[in-house]
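Asks:
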Amino acid sequence: MAGVIEKFAFMFATGFYTGLWPLKGPATVASFVSVIIFFFLSNIFLNDIYLLLIIIVFIIVGTWSSDFTATDNDKDPSKVVIDEWVGMWITLLFLPNSFVWFIVGFLVFRYLDIFKPFGIKKFERIPGGLGIMMDDIAAGIFGCIVLNLINIFVK
Numbered sequence: 034m035a036g037v038i039e040k041f042a043f044m045f046a047t048g049f050y051t052g053l054w055p056l057k058g059p060a061t062v063a064s065f066v067s068v069i070i071f072f073f074l075s076n077i078f079l080n081d082i083y084l085l086l087i088i089i090v091f092i093i094v095g096t097w098s099s100d101f102t103a104t105d106n107d108k109d110p111s112k113v114v115i116d117e118w119v120g121m122w123i124t125l126l127f128l129p130n131s132f133v134w135f136i137v138g139f140l141v142f143r144y145l146d147i148f149k150p151f152g153i154k155k156f157e158r159i160p161g162g163l164g165i166m167m168d169d170i171a172a173g174i175f176g177c178i179v180l181n182l183i184n185i186f187v188k
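Note that the working numbering has the sequence shown beginning at 34, numbered continuously upward.
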């Protein structure tokens, strides 16, 4: 049974293996894949509350699986990308379901995730799976607020 749990944790933490991208940039690839998945989810669950519930489940399971997959030698392995999925989805939450917003959201989230401005970097100090997840959650929340404010003003 322990083998099944370890395999599930690894699969989930690696964003259903998108974190195993062999070339440079598994976080960017995982973010891109998560946009595509968000597109389908947002068309299935037309209500943002359902998307928010899915995100909450992914935060909980992602925190556990990230903690389970990280090692003492590598506190935030590049293969663990479920945090990118969650951060990307939070960024896109409440925005219109359109190609333009998905591209802009992707670019904004990747910027925030890579450069970690506005105190986002401080969240990396949190130990374990929560620390792995929190900087991307913070980047996603910041991106969501900024993009939704822009959306309000351009309507």
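Don't be surprised by glycine CBs; every beta carbon is placed ideally from N, CA and C.
(1) For ALA46 and ILE165, I'd like the C-alpha separation in whole angstroms.
(2) Determine, using beta carbons only, whether ILE123 and ILE77 come nearer to each other than 8 Å.
(3) Kindly list the residues whose CB is nearer than 7 Å to the CB of VAL119, restricted to its own chain and excluding five residues on each side of it in sequence; keep chain order.
(4) Considering only the alpha carbon of each residue, which of LYS57, LEU53, LEU125, ASP116 lies closest to GLU157?
(5) Sorted by chain position, which residues of the same chain lie with C-beta nearer than 7 Å to SER75's C-beta, five sequence neighbours on each side aside?
(6) Assuming VAL113 contacts GLY52 (C-beta within less than 8 Å), just tell me the rounded distance between them.
(7) Give the straight-line distance between the Cα atoms of LYS188 and ASP107, rounded to the nearest whole angstrom.
(8) Drop a sphere of 10 angstroms on the beta-carbon of ASP81, count the other beta-carbons inside from all chains shown, and report buried for 16 or more, exposed for fewer.
(9) On the criterion of 16 or more Cβ atoms from any shown chain inside 10 Å, does THR104 qualify as buried, or is it exposed?
(10) Could you spell out where the alpha helix (DSSP H) holding ARG158 opens and where it closes?
(11) Which complete alpha helix (DSSP H) runs does the region 114 to 148 hold, if anything under 4 residues is left out?
(12) Would you kindly report the start and end of the unbroken alpha helix (DSSP H) that includes TRP54?
(13) Report the residue from TRP97, TRP54, MET121 whose alpha carbon sits nearest the alpha carbon of ILE178.
(14) Leaving aside the five residues before and after ILE70 along the sequence, list all residues of the same chain whose C-beta is less than 8 Å from its C-beta, in chain order.
(15) Measuring straight from C-alpha to C-alpha, what distance separates LEU180 and TYR144?
(16) When you compare each of PHE135, PHE72, GLY48 to VAL62 by their alpha carbons, which one comes out closest?
Replies: In terms of the structure at hand:
(1) Rounded to the nearest angstrom, the two C-alpha atoms are 10 Å apart.
(2) No, they are not a contact pair.
(3) Taken in chain order, the residues that qualify are ILE88, PHE91, ILE92, GLY95, MET166, ASP169, ILE170, GLY173.
(4) When LYS57, LEU53, LEU125, ASP116 are compared, the shortest CA-CA separation from GLU157 is found for ASP116.
(5) The residues are LEU84, ASN130.
(6) About 6 Å separates the two Cβ atoms, so the contact holds.
(7) Taking C-alpha positions only, LYS188 is separated from ASP107 by approximately 45 Å.
(8) Its Cβ having fewer than 16 others within 10 Å, ASP81 is exposed.
(9) Using a 10 angstroms sphere on the CB of THR104, the tally of other CB atoms stays under 16, which defines it as exposed.
(10) That residue, ARG158, is in no alpha helix (DSSP H); it is neither H nor E in DSSP.
(11) DSSP runs (the alpha helix (DSSP H)) wholly in the region 114 to 148: 115 to 125, 132 to 148.
(12) DSSP places TRP54 outside any alpha helix (DSSP H), giving it a letter other than H or E.
(13) With distances taken between Cα atoms, ILE178 lies closest to MET121.
(14) Contacts found: TRP118.
(15) LEU180 and TYR144: Cα-Cα distance of roughly 13 Å.
(16) Among PHE135, PHE72, GLY48, the Cα nearest to that of VAL62 is on GLY48.
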